[in-house]
Structures are given as structure tokens and as C-alpha cells.
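Residue numbers (UniProt numbering): 1 to 158.
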């Protein structure tokens, strides 16, 4: 059987980009049980309330919902359990320093398979204020309107 190639996104946290200013991003492996992997391969996961943290020199992912595998038996996993993240020691120390500064947190951005291995992309992020969120939405809307106007102008010239 040929090994999987490429990247397959299982879940992404689009709201995180709205609620946080994203800083450094890191790719981490996850320690998963067999039924968790099968459930992820079926494309079932939710990052809505998920967060990551550093505890005792180890990185952990908590509150990420990976539903039970439908064909599983008594060996099924709990849907919202703490999962260990696999990162290099230097990366963990760098992330720990950044989150200790205050105002910074670790948020998962997406879960995906890279060449058959489950990965999670986590980011060091700072929470946005309400006016920052409105400003970002306004900028996006202005850009969309200007693109529309330029497109209409271009089409009139033909």
C-alpha cells in the first residue's frame, strides 16, 4: 500500500484569526490513540474552544474536540482530553518565554495530516481588543470594495 503524500486539512480555527493577532506559528506532532486517528481521518474535529499550554517543560493541547470513532468499541477515547504535543525543547522554551510575558497565549490554528502523520499548527497570539476587531473588518471591507471598483473599471475598458 503506498504511503500518503501531501497535506490534508482536517479542521481549522478561522475564528482565532479574528480574535487574536497571530505571532509565531509552530508545527507540532500529537500523541494520539488509534480511534482518535481514525476519527481525524474521517474529517471530524473541532478547534473552537481549544488552547495549548506549557506545563513542566512539555506542551499540551486541551479542549480540542475529536468525537468518538463511530465503529469503535469500548476502546474509544474521551472526546475532550489533554493531548501531548511533540515539539523540540528549544521551541518549547521559546514559546514558554513568550507566553510568560503576559497577554500572549497559545491557540491551535489547524489540524492536518502531513504525509500521513497528524500535525497541529499552534500560534503564539495576543488577544485583540473590540476596536481592533472592528478595524480589521473595516479594512477587509474597504479592500473588497476597492477590488470590486477596479474590476468594474477594468471590465468597462474592454
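Here a beta-carbon is modelled for each residue, glycine too, at the ideal position from N, C-alpha and C.
As the structure is a prediction and not an experimental result, all values here were calculated from the model.
Contact set for residue i: own chain, Cβ-Cβ below 8 Å, skip 5 residues either direction
i           : result
residue 103 : 126 and 127
residue 156 : none
residue 40  : 10, 32, 66, 111, 113 and 118
Unbroken alpha helix (DSSP H) run spanning residue i, endpoints
i          : result
residue 35 : 34 to 41
residue 15 : 14 to 19
C-beta neighbour in chain B for residue i, strict 9 Å
i          : result
residue 40 : In summary, chain B is missing from the structure at hand, where a single protein chain is found.
According to DSSP, residues forming a beta bridge with residue i
i           : result
residue 8   : 113
residue 138 : DSSP output for residue 138 lists no bridge partner at all.
residue 124 : 106
residue 26  : 122
Close-in-space but distant-in-sequence residues of the same chain around residue i (CB under 7 Å, 5 per side omitted)
i           : result
residue 143 : none
residue 116 : 3 and 4
residue 43  : 10
Opening and closing residue of the beta strand (DSSP E) in which residue i lies
i          : result
residue 83 : 83 to 86
Expected contact under 8 Å - CB spacing of residue i and residue j to nearest Å
i           : j           : result
residue 52  : residue 80  : About 14 Å separates the two Cβ atoms, so there is no contact after all.
residue 85  : residue 16  : Incorrect: roughly 16 Å between the Cβ atoms, too far for contact.
residue 35  : residue 6   : About 24 Å separates the two Cβ atoms, so there is no contact after all.
residue 95  : residue 124 : 6 Å
residue 109 : residue 25  : 7 Å
Same chain only: Cβ atoms within 6 Å of residue i, ignoring 5 sequence neighbours per side
i          : result
residue 56 : none
Checklist line | Entirely enclosed alpha helix (DSSP H) segments - the stretch 43 to 111, minimum 4 residues | finding: Annotation note: the stretch 43 to 111 contains the following uninterrupted alpha helix (DSSP H) runs of length 4 or greater, listed N- to C-terminal: 89 to 100.
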